[in-house]
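All residue numbers in the sequence shown are consecutive under full-length UniProt numbering, ending with 295.
Notes follow the structure.
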Amino acid sequence: MPAVDLWALLESWRVHLRAERKSRQTIKSYTTGVTQYLEYCEREELPVAIARDAVVAFTADLLDQREATTAVARQLAVRQFSRWLVEEKELPEDVLLGLKAPSFDEKLTPRLTDEQCTALIKACKGSDFRDRRDEAIVRFMLEAIVRAGEVIGQTTDDFDLGRGVARVVGKGRRERLVPFSPQTARAIDRYQRMRRTHRLAETPRMWLGERGTGFGYQGLYSTLKWRAELAGIADFHPHLTRHTAAQRWRAAGGSEEGLMAVGGWKDRATMARYTRATTAQRALDEARGLNLGDL
């Protein structure tokens with residue numbers, strides 16, 4: 001069977017992923033992983049092909065330089081690409097079938113402290129369009145346990161300020177309702193009233209750009225990063241708000257069942273990665289009250 005052009009097929013795979021209605025972030029993660037693998041093959045003067053030994057070496061190279069979670073994600077992307085190539089009859093067999101993801105020591109998932117949450121909200125204070133929008137988004141994301149992509153996809157019809165609930169569409173096009181507080185409802189209401197004067201006010205998208213434009217993932221990332229810098233928060237990324245919201249839920253005494261429903265998780269193992277730091281802190285607090293050193 002003649003060699004296949006994996007670079008060209010990568011573009012075809014991207015078309016397939018869009019047709020499967022994968023999220024933008026999933027498509028970006030998958031294509032980044034495969035792109036880095038192909039670049040690795042070229043850099044190491046290996047055949048640009050799906051080969052088990054090459055993928056293992058690529059993963060080991062990532063583990064030497066990056067976080068283990070990144071290596072796992074990049075390897076998964078190549079494995080998914082390989083499976084698709086076989087399904088499309090571009091390859092006769094999946095040579096990566098059964099290849100295990102690298103194991104790694106689990107780390108406590110970081111979160112913003114309560115003081116940092118307050119500082120982030122204060123960094124949005126102001127009365128112009130961007131200030132009102134950003135405070136509404138920040139408050140919502142620190143409460144609702146949502147992904148950045150879910151926020152970007154929201155429409156004006158997704159919010160019920162009276163009930164304090166919003167609809168989001170998560171992975172797999174699964175819809176769920178997420179709650180938010182009266183303080184967040186007030187911030188959203190202030191934004192919505194100012195939104196009526198926006199050039200795109202008649203469009204259904206909830207969040208709009210301040211220069212008469214739309215507001216996508218890059219816009220969300222940039223504005224939250226800027227607000228975090230104003231608040232003195234280093235190494236900020238939007239997903240940190242989801243970790244923070246989940247851990248705040250558990251720290252406040254919220255149930256695991258409620259957290260799974262609001263966060264959109266299908267299994268406890270995935271949810272537990274988000275709340276492990278809070279569980280550890282509870283154990284430390286409990287230990288201090290046990291007075292085990294009182295002998």
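No residue lacks a Cβ here, since even glycine has one placed at the ideal position from N, Cα and C.
Predicted, not measured: the structure shown is a model, and the values here were computed from it.
Reducing DSSP to helix, strand and coil, say where residue i ends up.
| i | result |
| --- | --- |
| Met-1 | Reliability of the predicted coordinates at Met-1 is poor, the pLDDT of 47 falling under 50, and the value obtained from them is presented with this limitation in mind. Of the three classes helix, strand and coil, the one that applies to Met-1 here is coil, per DSSP. |
| Ala-166 | strand |
| Thr-113 | coil |
| Phe-159 | strand |
| Arg-199 | coil |
| residue 296 | Limits of the chain in this structure are 1 at one end and 295 at the other, which puts residue 296 out of reach. |
| Arg-147 | coil |
| Pro-102 | coil |
| Lys-225 | helix |
What residue range is occupied by the uninterrupted beta strand (DSSP E) comprising residue i?
| i | result |
| --- | --- |
| Glu-175 | 175-179 |
With residue i and residue j assumed to form a contact (beta carbons below 8 Å), what rounded beta-carbon distance in angstroms separates them?
| i | j | result |
| --- | --- | --- |
| Leu-63 | Pro-102 | 6 Å |
| Arg-227 | Arg-132 | That pair is no contact at about 13 Å. |
| Val-169 | Gly-153 | 6 Å |
| Thr-241 | Leu-142 | 6 Å |
| Leu-38 | Leu-6 | 6 Å |
| Leu-91 | Val-4 | 7 Å |
| Arg-139 | Thr-184 | 4 Å |
| Ala-119 | Ile-233 | 7 Å |
| Trp-195 | Gly-212 | Looking at the sequence shown, residue 195 is not Trp but Arg. The pair is not a contact, with the Cβ atoms about 12 Å apart (cut-off 8 Å). |
Can you check whether the CB of residue j is closer than 8 Å to the CB of residue i?
| i | j | result |
| --- | --- | --- |
| Ala-166 | Ala-144 | yes |
| His-243 | Arg-79 | no |
| Arg-205 | Thr-270 | no |
| Ile-188 | Phe-159 | yes |
| Gly-214 | Leu-220 | no |
| Ser-23 | Gly-216 | no |
| Asp-134 | Thr-223 | yes |
| Glu-210 | Arg-130 | yes |
| Ala-123 | Ala-231 | yes |
| Arg-52 | Leu-99 | yes |
Along the chain, where does the alpha helix (DSSP H) containing residue i start, and where does it finish?
| i | result |
| --- | --- |
| Phe-81 | 68-87 |
| Val-15 | 6-19 |
| Thr-213 | Segment: none, Thr-213 is in no alpha helix (DSSP H) and carries neither H nor E. |
| Met-208 | Before going further, note that residue 208 is Leu rather than Met in the sequence given. That residue, Leu-208, is in no alpha helix (DSSP H); it is neither H nor E in DSSP. |
| Gly-33 | 24-43 |
| Ile-137 | 129-141 |
| Leu-46 | Leu-46 -> no alpha helix (DSSP H), and no H or E assigned at all. |
| Thr-258 | Checking the displayed sequence, the identity of residue 258 turns out to be Gly instead of Thr. Counting along the chain, the alpha helix (DSSP H) containing Gly-258 begins and ends at 256-263. |
Rounding to the nearest angstrom, what Cα-Cα distance links residue i and residue j in this structure?
| i | j | result |
| --- | --- | --- |
| Gly-164 | His-239 | 22 Å |
| Phe-180 | Gly-258 | 14 Å |
| Ser-255 | Thr-32 | 36 Å |
| Leu-85 | Ala-71 | 21 Å |
| Ser-29 | Thr-35 | 10 Å |
| Val-15 | Phe-81 | 12 Å |
| Met-1 | Gln-116 | Note that Met-1 scores a pLDDT of 47, beneath 50, so its modelled location is shaky; the value from the coordinates is reported in the next line. Their backbone Cα atoms lie some 58 Å apart in a straight line. |
| Gly-263 | Glu-67 | 24 Å |
| Arg-43 | Ala-54 | 12 Å |
| Pro-47 | Cys-41 | 6 Å |
| Ile-137 | Val-146 | 11 Å |
| Asp-61 | Leu-161 | 49 Å |
| Ala-272 | Arg-174 | 20 Å |
Chain C beta carbons: is any one of them nearer than 8 Å to that of residue i?
| i | result |
| --- | --- |
| Trp-249 | You won't find chain C in this structure, because it holds only one protein chain. |
Just to confirm, does residue i get its C-beta within under 7 Å of one of the non-hydrogen atoms of the ligand COA?
| i | result |
| --- | --- |
| Gln-65 | No copy of the ligand COA occurs in the structure displayed, which carries no ligand at all. |
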